[in-house]
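Protein chains in written order, with our numbering: chain E, 1 to 559; chain U, 1001 to 1383; chain Y, 2001 to 2448. Backbone N, C-alpha and C fix where the C-beta goes; we use that ideal spot for every residue, glycine too. First up is the structure itself, then whatever we jot down about it.
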């Protein structure tokens, strides 16, 4: 399904637009754009590529038969999003060492004798000597796709010359060319997303992103990858500077199977699924939580989200109440429901609907949520409640105070049968209750799910009490909690804010916040909380492409 | 990886609707159906997957007052002595143990008409080494012949006297075949574990259960699945997996009815038990006049035994197949075991030779909760 | 000898350790490291270069139990530092020094961590930079293959506390086999190799690297100040790569103490205490070899992380939770389970010291040459205290540090140790730290 527009020179510069594969139901071309007053917009953001983006771009450009050796520097989470952290990240020496290794390894594969016909359309006159015509052709084509814009003459010249020098050292054109390719892949123009702003001729006095920056922003937002040739062409011919042109591209992208990639990337970020990479559960206590199980748990939620939001054009709020999901036999064992895949394939996915009385509350009771926010050896209502507040409701839970002394109210026998009893102090001690009452009641509602996602009705023989309240709304169990979240404006507001932060790579400005809280939120509600429509509303808004320099940038611009 | 997964989502089967979460299922799709397809009574069905299956040993130190049977080193030394090597030569050969065993041709140590013969295929072409049999008085199993004889055991769980388990005596002083209660006998454990990633799992299913504490009439069967077990983070079978039943008619007959008393099920009428094994452990488990006893444990697992008479030559064949490798690595004296089995065999005399062809035995089950999927066409459990 | 039963039990152990994933079994780690040859120093008689390591452990120590009973020369260690007994005359322990909050929030674990590492008490949960190791690396480690090496033993690359500037967090290498490949893989240049010819393929890299470098001016013109700083970091990193290539093209001076260890296979990594300890031992060995072969002069080694995810197989509680929830045993006077982990941490340090001490350099060892700074994130972890922050230095710092001393501070800031450490390594500074963490009082008692 993922179509790679590979690098072979025979493809015309304006490449094939039609993407093969199954497409979802068309996203309606609703053309009333969202209003965004002229102060709504923010500064440009220079972001480092995330690991997924890097991989996606390599696959787009070189296809899926190349392998990426090397490791990526860990991405950093800022304001709850890795995407925002990317806007503040740089590259350490160790990190660049890895990028450089990966780049050279990739280049070696591209220019290898058995592969080069596939990737390189021209041939040097003499394979032991430099050939600037062929090198130019290859490096400019690849460079444009990697840098997300055509190389400047200077840039191209520098890389071609460098390749030639390298060629002369080893008397091998392809080796030199490979090093040139590796150089492109190690360059900041590839590793960082530069956003360039320019004066907006349609709105004198205002700034806008330049066309290629618009293309990048759009492409990384909706597809989590670099612009494809069609989008690059739309940048080049000025289409992206027109509302109609933007709408056309946005519709194309929303109707593409690649939208799934973008939605997955967003929710993987928002739901902090990167933490699965280092998640471990105690094997003695929770033997079912293998690496395979963790992978399946994560995938279950992403599949559920994609199915609900994209395939079914569903209401975002229903993610907290839906009983529909997808399971593998392994997940069936974790949730303790009987499940056999068709034809007995051991790891196949089966669509599944939990029963009314299964205690499910949409993605809240998926193993991915309850396992991610727990300790290795036991569940944690506090961690789960905190995640609920911070991840799903965009609320802040204060850090614990320094110098907390537990001796005053310590229960020497710390073995209450249920965690609710063990956390009594959290809710009764004044010093603790202030914050813990923000988190614990919700987490306690999820106590039917142990640290590995398994369902249980008792803990140490005592029935688990899952009742509680969230900001005044009472619930009796996890399903009730899910319904409360469904009805909470904070949850939908939070999504809007997160999507915008994800799209722009930074926190919203005051003016943007105001706009998101009103126009965008209203549109989201009017569209039945349909997420592709939300993406569209943002991607076709003027605010998204308007550059309003930050105060700091304005100050430094005066130098 | 992401692309593949989205392909799978498109290929998702037609939605399968399953019943309630709890293990104690009463949902229609899982209970034995009566002829018109409606669920039978309020009775429950419960399934398990077998985690371990091995000899039901109850080895104690006192079982072998004269010590255990020699290990591979002892076996080798004895063979070398029999061949007339001097102690000095034997010591030299032992330096390169166990490789020297392979070189010494122990796999040809039999003799027929003055020529070397394969002792595994022709065990009587060697002298009986008189392996020590287990001498204990406590052992798992059932009183198969209805008599209390001198060689019988008392079962440590049921307290039943006259328990027939001569096979336990055969393995009782063989280091890698014996085991204390709660432990796994080394060699059978390896064989069982080595194969099970690709061998179909075994399942145990109870039906018509009103109470797992006390119930006058319930059904049970031991069947084979289509899938192997799946390993958890500790390398042991993962519980609560779902299995489909292998319809192989050879293994559809391990069916019995019986009573549950204080959480322990015992079968009523003896039946013929048959399960396919694998070549190197035991090729098949075929017990005549078989009985079951199972305990429903507090931790949700099931343990128990099946006992009956097994054709001892079948058991021998699997060991014989291992040949010198088993002798060297598992400390078996293979022809010695032949003689021991023959001596201990206690049922079904051959009409011509008068020698018993069958030996009483008991095997241990250790099983974990599982689900069984029954295809719609499945008929009700045999009464 | 029953190999079959050996195999069976070994397989069981391995499966438990691997957690069900298919991982190849590494060689027994003790076997793969050779003993080094002990001969005279490099023929020039020059002193070998200064080297430094931060060693990091999480959740402090229990007050009253870690300090030696007397000030001054260490005659007897406190119960919690007993694992360091065999090294007691080669370490210094600094008690009674604290983090001065100055009205800033005491952000649990984070404040302790950052304040000790940077000399500045953080105002918020934004990371403060630069950490002390980067200052030292810039001073002593700029001309070698790696400016610094970061290794973490918990399996999580984010468990590393070396920060240069806002966007640059050095990740820890969590996989010893990958670190081995980085250090001693194809790009390693053996200082003791008999012959050396510069590889033209390596030379060929230089032109492209400098082409990338040449982009700097034009790129920086098009970005704002903050982004320029981040690009600067990138180009600093690029300079490192260029330097590594240059070094690959030169024959390095022979180093008697440098031998190449045997390869390390993939290991399971994680926070279970035995697993972590084994990983840490490998990391310690790798650090020792890397230092002996002058691949770097600064190592950042994390035993367990800030807030400590250390746990025991089968136990519901992790180290961190024990420190807060475990009752103080009335007879013992401390939390037994929490203290179990404290002891393991100190045993970890002993492992590190032993690894360094096993490499002879003339009539001394690597441990004599190095200066290790042992740092943690809390004093008394139970209450997140930043009073009486335990600090440890180890090693002789090439003769510049006197060892075997317990320095009992009297409420001075922790920066006194950081200042002393930097001065011992020749950094030309008179003071370190900001606001009430600022100090110019070197701990002269330990300077030789």
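Determine the burial state of residue i: buried for a count of at least 16 other Cβ atoms within 10 Å of its Cβ, exposed for fewer.
i: residue 122 of chain E; result: exposed
i: residue 1197 of chain U; result: exposed
i: residue 2357 of chain Y; result: buried
i: residue 1086 of chain U; result: exposed
i: residue 2044 of chain Y; result: Unreliable placement is indicated for residue 2044 of chain Y, whose pLDDT of 48 sits below 50; no coordinate value is reported for it.
i: residue 462 of chain E; result: exposed
i: residue 372 of chain E; result: buried
i: residue 2030 of chain Y; result: Residue confidence is low: residue 2030 of chain Y scores 25 on pLDDT, short of 50, so the model does not pin down where it sits. Its coordinate-derived value is still stated next. Exposed is the call here.
i: residue 1102 of chain U; result: exposed
i: residue 2346 of chain Y; result: buried
Counting only C-beta atoms, is residue i closer than 9 angstroms to chain U at any point?
i: residue 192 of chain E; result: no
i: residue 71 of chain E; result: no
i: residue 256 of chain E; result: no
i: residue 334 of chain E; result: yes
Could one say the Cβ of residue i lies closer than 9 angstroms to chain Y's Cβ atoms, at least one of them?
i: residue 200 of chain E; result: no
i: residue 159 of chain E; result: yes
i: residue 155 of chain E; result: yes
i: residue 91 of chain E; result: yes
i: residue 372 of chain E; result: no
In the DSSP assignment, the alpha helix (DSSP H) including residue i goes from what residue to what residue?
i: residue 2333 of chain Y; result: Note, residue 2333 of chain Y: premise wrong, no alpha helix (DSSP H); not H, not E.
i: residue 342 of chain E; result: Careful: residue 342 of chain E lies outside any alpha helix (DSSP H) and carries neither H nor E.
i: residue 431 of chain E; result: 430-445
i: residue 2113 of chain Y; result: 2110-2118
Spatial neighbours of residue i within its chain, please: C-beta separation below 6 angstroms, excluding the five flanking residues on both sides.
i: residue 347 of chain E; result: 328
i: residue 72 of chain E; result: 51
i: residue 2344 of chain Y; result: 2273
i: residue 315 of chain E; result: 528, 529
i: residue 549 of chain E; result: 43
Which residues mark the beginning and the end of the beta strand (DSSP E) in which residue i is found?
i: residue 1266 of chain U; result: 1264-1267
i: residue 2299 of chain Y; result: 2298-2302
i: residue 2442 of chain Y; result: No beta strand (DSSP E) contains residue 2442 of chain Y, which DSSP labels as neither H nor E.
i: residue 1051 of chain U; result: 1044-1055
When the cut-off is 9 angstroms and only beta carbons count, does residue i lie next to chain E?
i: residue 1949 of chain Y; result: What is shown of chain Y runs 2001 to 2448, which leaves residue 1949 of chain Y out entirely.
i: residue 1367 of chain U; result: no
i: residue 2214 of chain Y; result: yes
i: residue 1236 of chain U; result: yes
i: residue 1232 of chain U; result: yes
i: residue 1373 of chain U; result: yes
i: residue 999 of chain U; result: Only positions 1001 to 1383 of chain U appear in the structure, and residue 999 of chain U is not among them; the question remains open.
i: residue 2437 of chain Y; result: no
i: residue 2364 of chain Y; result: no
Could you tell me if the beta carbon of residue i falls within a distance shorter than 8 angstroms of some heavy atom in the ligand PLP?
i: residue 2209 of chain Y; result: Only the bare structure without any ligand can be found here, which leaves the ligand PLP out of the picture.
Among residues of its own chain, excluding the 5 on either side of residue i, which ones have a beta-carbon nearer than 8 angstroms to its beta-carbon?
i: residue 2401 of chain Y; result: 2092, 2371, 2393, 2395, 2424, 2446, 2447, 2448
For the stretch 1287-1348 of chain U, list the alpha helix (DSSP H) runs that are entirely contained and at least 4 residues long, ordered along the chain.
1312-1330, 1334-1344
Which runs of the beta strand (DSSP E), 3 residues or longer, sit entirely within the stretch 1120-1155 of chain U?
Here no run is fully enclosed.
Entirely within the stretch 2153-2184 of chain Y and at least 4 residues each: give me those alpha helix (DSSP H) ranges in chain order.
2176-2184
Curious, which full-length alpha helix (DSSP H) runs of at least 4 residues does the stretch 328-405 of chain E contain?
329-335, 367-372, 381-387
Which parts of the stretch 469-499 of chain E are runs of the alpha helix (DSSP H), unbroken and 4 residues or longer, counting only runs that do not cross its ends?
478-487
Which runs of the beta strand (DSSP E) at least 3 residues long sit entirely within the stretch 511-559 of chain E? Give them in chain order.
Unbroken beta strand (DSSP E) runs of no fewer than 3 residues, entirely contained in the stretch 511-559 of chain E, are not found.
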